[in-house]
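For my numbering, add 16 to where a residue sits in the sequence shown, where the first one is 1.
What follows is one structure encoded as structure tokens, with my remarks underneath.
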Amino acid sequence: MPEMEPQLATLGLGGNIGDPAASMARALMLLDARRDCSVTDVSKLYRTPPWGKTDQAWFFNACAAVRTSLSPDDLLDACLSIERQMKRERIERWGPRTIDIDVLTYDDLKQHSQSLEIPHPRMTERGFVLMPLADFAPDLVVSGRMIAEWLKDADVAGIEVADPRRDWWRHSPKLVP
């Protein structure tokens with residue numbers, strides 16, 4: 017099968033078990049090391065209060081842009097494979113996790129399948145997604161509005177910058193590929 021023309025996708029990353037910042041950095045390194053993916057931009061690193069299930073530790077969150085020749089479903093499979101490699105267990109919805117990688121957007125594609133919905137169906141409701149995404153894609157249009165506009169209406173209470181460097185993921189002290 018011929019390789020697809022590279023597309024630009026955005027990803028949301030998060031976690032709150034172990035060393036989530038190192039886990040997200042490792043996930044980005046693993047994606048960037050693939051022949052069919054290239055991490056082109058990464059947000060600052062944020063510390064965020066839990067969402068959905070609030071009786072758990074705070075999260076670290078970030079977003080990334082990835083240029084990829086993978087199809088949307090294959091990109092999701094690559095992300096899920098990295099989650100499994102990093103021992104992610106899916107025990108409860110919105111519960112604690114070592115790493116979570118969501119495909120947020122894939123160019124201008126709109127997809128509603130059993131396995132993947134693009135754009136991510138709840139991304140415009142989540143300050144912990146919109147704030148990092150606005151670091152590098154404030155003009156990205158999702159569901160008829162720019163990310164910067166969605167962010168103005170989002171609940172960002174308690175969200176703080178944990179690392180202001182946009183290359184934080186390349187300097188994580190505990191990186192082991």
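For every residue, glycine included, the Cβ atom is placed at its ideal position computed from N, Cα and C.
Per DSSP, the bridge partner or partners of residue i
i: R63; result: F76, E176
i: L27; result: A80, V119
i: S54; result: R83
DSSP state of residue i mapped onto helix, strand, coil
i: T140; result: helix
i: R182; result: coil
i: E21; result: coil
i: D155; result: coil
i: A37; result: helix
i: L149; result: helix
i: V192; result: Here the model assigns V192 a pLDDT of 40, short of 50, so the residue's position is not dependable, and the following value carries that caveat. Correct three-state label for V192: coil.
i: I117; result: strand
i: R161; result: strand
i: Q130; result: coil
i: S97; result: helix
For residue i, the nearest candidate out of the options (CA to CA)
i: P148; options: F76, S129, D124; result: F76
i: L91; options: D52, T70, D71; result: D52
i: A170; options: R182, A178, M139, E176; result: M139
i: P180; options: A78, L29, A25; result: A78
i: E176; options: G28, E133, Y62; result: Y62
i: G174; options: G28, P66, H136; result: P66
i: R83; options: G68, D48, F144, D151; result: D48
Cβ separation of residue i and residue j, assumed to be a contact under 8 Å, to the nearest whole Å
i: I117; j: L46; result: The Cβ separation is near 10 Å, so there is no contact.
Are at least three pairs of beta-carbons, each pair with one atom in the stretch 113-124 and one in the stretch 20-39, less than 8 Å apart?
yes
Whether or not the stretch 153-166 and the stretch 119-139 are in contact is what I'm after, with contact meaning three or more pairs of Cβ atoms, one per stretch, closer than 8 Å; do they touch?
Because the criterion of three Cβ pairs below 8 Å is met, the stretch 119-139 and the stretch 153-166 touch.
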